[in-house]
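J.: I have a structure I would like to understand better, so I am pasting it below and will then ask my questions one at a time.
Right under this line is the structure:
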């Protein structure tokens, strides 16, 4: 998905890749896991200095993209992250910013702090025991004399325990609204949740009579549906782009193994049956990359069919990625299932993304409707 015709974007891609190779390698990921750490705040601040957090933010709000296409640029970063299954809150920060910039009034200071990397925010949209939806919320927001009172529970909030602020979906006066809530506000309780991934952490967040002022609400009631749909689309293209990077790294690793590993005096790559498997995986990978590129372009252009195309991408890429990686594990033989080998790091990330923001099974029927319930 890297545009070779754009020198600035190529330089940005190269800088991002170098940064990840030096400061977010697979060895680094294993070290974070061993120390029970999700990511280091100073690491994220350095990433923000490279422009990662500014890509979806217009210049008048302190942001700016490399190519003028912020969605494509942040998808490029996600793809590079997939090569090393790097840590960090790129996804939640980008998703929250995608919502805030649609209705920035009153939130300019938070946007600026997030762009600089000083502040991390998470999207509190999931609720316990419920599938992903951007259409309604059990969490409630009740009007008070000075603003609103929030009550409810959210879970699967990425980087929730590391966040300084939360963007919370809640029902207010019968309509879905979003509110910016400081993570340390009175009545907010955060309980960290682990995941199958080595470094991705989530949180269960309880809101017990949390008081926020009127400025905490994001946009007008009539804007909310479009704003959360925009956030949903950004969330899905980031997942798919990162999975493209994951598959690229895993296939490169596997193809090299097939040339290096010999069986009965011949490299594995010389056996026709294995050549066919490698060709199939290459075909599936290119389809995943093309499907993701189509979704990225649609979201960037705010195309009418963007809701459909992001669901098509999620349905295909998230379904196919774990299958391809499992095939790569088999082609590695016994070493592929060991803790010391890196393949399981990629499989974990793919398994996680398969489940979040709607599974492939959720997205398959979307051809007949506009969003996943």
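In full-length UniProt numbering, the protein residues as written are 1 to 373.
Glycine included, every Cβ here is placed at the ideal spot set by N, Cα and C.
#1: Quick check on the DSSP output: the beta strand (DSSP E) that includes residue 206 runs from which residue to which?
#2: What is the DSSP secondary structure of residue 267, counted as helix, strand or coil?
#3: How would you write the range of the beta strand (DSSP E) that residue 120 sits in, first residue to last?
#4: State the Cα-Cα distance for the pair residue 241 and residue 337, rounded to the nearest angstrom.
#5: May I ask you to report which of helix, strand or coil DSSP gives residue 179?
#6: Distance check for residue 18 and residue 10, CA to CA, integer angstroms please.
#7: How is the beta strand (DSSP E) around residue 148 delimited, first residue to last?
#8: Which residue's Cα is closest to the Cα of residue 295: 72, 253, 8, 34?
#9: What are the start and end residues of each continuous alpha helix (DSSP H) run of 4 or more residues lying completely inside the region 318-360, in chain order?
#10: Look at the alpha carbon of residue 357 and the alpha carbon of residue 132, and state the distance between them as a whole number of angstroms.
#11: Hey, quick one: how far does the alpha helix (DSSP H) through residue 165 stretch, first residue to last?
#12: For residue 292, does the count of other Cβ atoms within 10 angstroms reach 16, so buried, or fall short, so exposed?
#13: Rounding to the nearest angstrom, what Cα-Cα distance links residue 119 and residue 62 in this structure?
#14: If you draw a straight line from the alpha carbon of residue 325 to that of residue 346, how long is it in whole angstroms?
#15: Can you tell me whether residue 141 is helix, strand or coil according to DSSP?
#16: Keeping to the same chain, check which residues put their C-beta closer than 7 angstroms to that of residue 348; ignore five residues upstream and five downstream.
#17: Which of the three DSSP states is assigned to residue 192 in this structure?
#18: Note down the Cα distance separating residue 50 from residue 16, rounded to an integer number of angstroms.
#19: Between residue 29 and the rest of its own chain, which residues show a CB-CB distance below 8 angstroms, the 5 nearest in sequence each way excluded?
#20: Tell me, please, whether the region 249-259 touches the region 201-214 by the rule of three or more beta-carbon pairs shorter than 8 angstroms.
#21: Taking the alpha carbon of residue 236 as the point to measure from, which residue in 69, 31, 78 has its own alpha carbon closest?
#22: Spatial neighbours of residue 371 within its chain, please: C-beta separation below 6 angstroms, excluding the five flanking residues on both sides.
T.: Quick answer:
#1: Run containing residue 206: 202-213, per the beta strand (DSSP E) assignment.
#2: Residue 267 falls in the strand class under three-state DSSP.
#3: Under the DSSP assignment, residue 120 falls outside any beta strand (DSSP E); it carries neither an H nor an E label.
#4: Near 25 angstroms, if we compare the C-alpha coordinates of residue 337 and residue 241.
#5: Looking at residue 179 - three-state DSSP - the assignment turns out to be strand.
#6: Cα-Cα distance, rounded: 12 angstroms.
#7: Annotation for residue 148: the continuous beta strand (DSSP E) segment containing it runs 147-154.
#8: Residue 295 has its Cα closest to that of 72, out of 72, 253, 8, 34.
#9: Complete alpha helix (DSSP H) runs here, min 4: 343-355.
#10: Taking the straight line from one Cα to the other gives about 6 angstroms.
#11: Per DSSP, residue 165 lies in no alpha helix (DSSP H) segment; the continuous beta strand (DSSP E) that holds it begins and ends at 165-172.
#12: A buried status is given to residue 292, since no fewer than 16 other beta-carbon atoms sit within 10 Å of its beta-carbon.
#13: The alpha-carbon atoms of residue 119 and residue 62 are separated by roughly 14 angstroms.
#14: Approximately 8 angstroms between the Cα atoms of the pair.
#15: Note: residue 141 maps to strand in three-state DSSP.
#16: Around residue 348, the same chain offers 196, 197, 198 as residues with beta carbons nearer than 7 angstroms, after the five sequence neighbours per side are excluded.
#17: Looking at residue 192 - three-state DSSP - the assignment turns out to be strand.
#18: Straight through space, the alpha carbons of residue 16 and residue 50 are spaced by roughly 8 angstroms.
#19: Its chain contains 84, 85, 86, 87, 198, 199, 345 as the residues whose beta carbon lies nearer than 8 angstroms to that of residue 29, once the 5 sequence neighbours on both sides are disregarded; these appear in chain order.
#20: The region 249-259 makes no contact with the region 201-214; the number of CB pairs closer than 8 angstroms stays below 3.
#21: Taking only the C-alpha atoms, the option nearest residue 236 is 78.
#22: Only weak support is given to the placement of residue 371: the predicted model assigns it a pLDDT of 47, under 50, and the value that follows is read from those uncertain coordinates. The beta carbon of residue 371 sits closer than 6 angstroms to the beta carbons of 307 from its chain, once the five residues preceding and following it are set aside; these are given in chain order.
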